[in-house]
Amino acid sequence: MSKSPYIESILRQAELRDGDKPEFLQAVTEVLSTITPAVDANPAFEQTGLLERFIEPERFVQFRVAWVDDEGRTRVNRGYRVQFNSAIGPYKGGLRFHPTVNESIIKFLGFEQVLKNALTGLPMGGGKGGSDFDPKGKSDAEVMRFCQAFMTELQRHIGPDTDVPAGDIGVGGREIGFLFGQYKRIRDEWSGVLTGKALSYGGSLARTEATGYGLCYYTEEVLNKLRDDSFEGKTVAISGSGNVAVFATEKAQQLGAKVVTASDSNGYVYDPNGINLDILKDIKVDHRGRIKEYADRVSSATYSDKRTDIWTVPADIALPCATQNELDGESAKKLVENGVKVVCEGANMPSTPEAIDVFRSNGVLYGPGKAANAGGVAVSGLEMSQNSYRLSWSFEETDNRLKDIMKGIFAQSHDAASRFSTPDDLMSGANIAGFEKVADAMLAQGVL
Ligand code: NDP
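First residue of the sequence shown: -14, per the numbering used here; consecutive thereafter.
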């Protein structure tokens, strides 16, 4: 898609200012390269410097997190929170604890979150945060001390009407519990300041399942509406074995598909008979084990430590659910050679720009993460509503709302893409639909 001179100049400026943040630049380039028709349609965007403001976070906080390990040694990590855009609601977005976390990762995730949250139709702005702390191999007591130290600083920047964090990689129910407890202790108030809470203290039914389930609802809608098809009888390759991957596997199986892969950062398993979900959950959810153990326990499965070879497994549908840039151009070519029809992203930005080009130029339906994985933050938004009303909805009610939201995200993306004559281009459609919503609110609120 050709870019307008205004967009070209913003991209040059982004390269100069953020050239040292590759993931952030990748996300900004992808979005700005696809919204030209929407930007050209409204001269007020350029007059008010809207794109300059759109790619600049409202606030970026970095802080020291000092904590004491089980041997009595003091450890120091970096904590981050980006409050990217609050035009349509309080900042909202997860916390990631992983050694690879840095300013670039946090800014790319925050930027994507702005558009994703807009697509849900709920009043949520975009934020993201985390730390280079690695929960793997730490005791529960160490994780608790780290979370308490992290929240001791973070609490001054967040609040139920200001900024509402949630989980992401490395931050699940255990970490949210420790973070919530520390917020409550310091602020002396019970409020819905975090989502992803356990049911016993204000969590929402279906939040744990939401991202993986939502990914499958979105993918099913893409198949229904654009190919008159469904998950039924399909072979599916899923990467990762964390929260998103496990519940995507569960829902894909419920919809009649056979999921044949799972992975972690060490390697992947291939089970031609279909992944046994009970065993997968036992290893990864109940015991925080490694995916290799699956092949030790299931005779039909094989294990490989060549993680990226997961994409050489023949599949009709691929759902990358691990991490950014896990699927490159070569892997995309392999998937296409093996007949993949649909790729929808459970992870954030898992496909490299080269991989996306391969999908788009070979007629593969490609559902970008900001649309396909928005189910998690959508149910987080529903958790905020339930906390405000001091009530809780049933699993079925929440799940039905999730389904409607995912169908709505597909419809908005498809409509936006169709308006600009590329109805199958769900990436441009999602970027344009999300951008238009945020840009309208920014214009209405003046130069901020
Ligand atoms: P988890 O921590 O539960 O699981 C992450 C999975 O990805 C694990 O299998 C992990 O393996 C693997 N992984 C992590 N980092 C790497 C890496 N550098 N290389 C290879 N594999 C890696 O996280 P989630 O399932 O919550 O998140 C997965 C993705 O989904 C992320 O991109 C996240 O941003 C995105 N997402 C999550 C949402 C949620 O609600 N949780 C919402 C929307 C998006 P290992 O155990 O070896 O680290």
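Ideal placement from N, C-alpha and C gives every residue a C-beta, glycine not left out.
Where the alpha helix (DSSP H) through residue i begins and ends
i: N416; result: 411 to 429
i: R192; result: 192 to 212
i: S224; result: Neither: S224 is in no alpha helix (DSSP H) and is coded neither H nor E.
i: N102; result: 88 to 105
i: Y186; result: Note, Y186: premise wrong, no alpha helix (DSSP H); not H, not E.
i: D400; result: 380 to 404
i: R172; result: 158 to 172
Beta carbon of residue i nearer than 7 Å to that of residue j
i: C329; j: G225; result: no
i: A492; j: V13; result: The shown model of the chain, from -14 to 433, leaves out residue 492, and the question about it has no answer.
i: Q133; j: Y168; result: no
i: P335; j: L320; result: no
i: A401; j: G393; result: no
i: A505; j: V254; result: Any property of residue 505 remains undetermined from this structure, which presents the chain solely from -14 to 433.
i: V50; j: G34; result: no
i: T220; j: A300; result: yes
i: F163; j: M129; result: yes
Residue i Cβ short of 6 Å to the ligand NDP heavy atom set
i: A332; result: yes
i: T19; result: no
i: N228; result: yes
i: D256; result: no
i: G252; result: no
i: N87; result: no
i: D153; result: yes
i: G225; result: yes
i: T180; result: no
i: T383; result: no
i: D249; result: yes
i: N358; result: yes
i: T287; result: no
i: G57; result: no
i: G361; result: yes
Burial state of residue i, where buried means 16 or more other Cβ atoms lie within 10 Å
i: N258; result: exposed
i: K269; result: buried
i: W296; result: buried
i: H272; result: exposed
i: F380; result: exposed
Given residue i as reference, the closest of the options once Cα atoms are compared
i: K346; options: H142, E322, R81; result: Correcting the residue type first, residue 346 is Ser in the shown sequence and not Lys. Comparing Cα-Cα distances from S346 to each of H142, E322, R81, the minimum goes to E322.
i: P42; options: G218, A72, T19; result: A72
i: T147; options: G166, P75, M427; result: P75
i: G78; options: G414, G366, T33, G393; result: G366
i: V24; options: L1, Q47, I(-8), A51; result: I(-8)
i: A230; options: R130, T204, E205, L200; result: L200
i: G181; options: W175, I161, R170; result: I161
i: L376; options: E8, G177, G419; result: G177
i: L211; options: W52, I40, E382, Y351; result: Y351
i: I91; options: T105, A126, G112; result: G112
Boundaries (first-last residue) of the beta strand (DSSP E) holding residue i
i: F82; result: 76 to 82
i: R60; result: 59 to 70
i: S440; result: Here the chain covers residues -14 to 433 and nothing more, so residue 440 does not appear.
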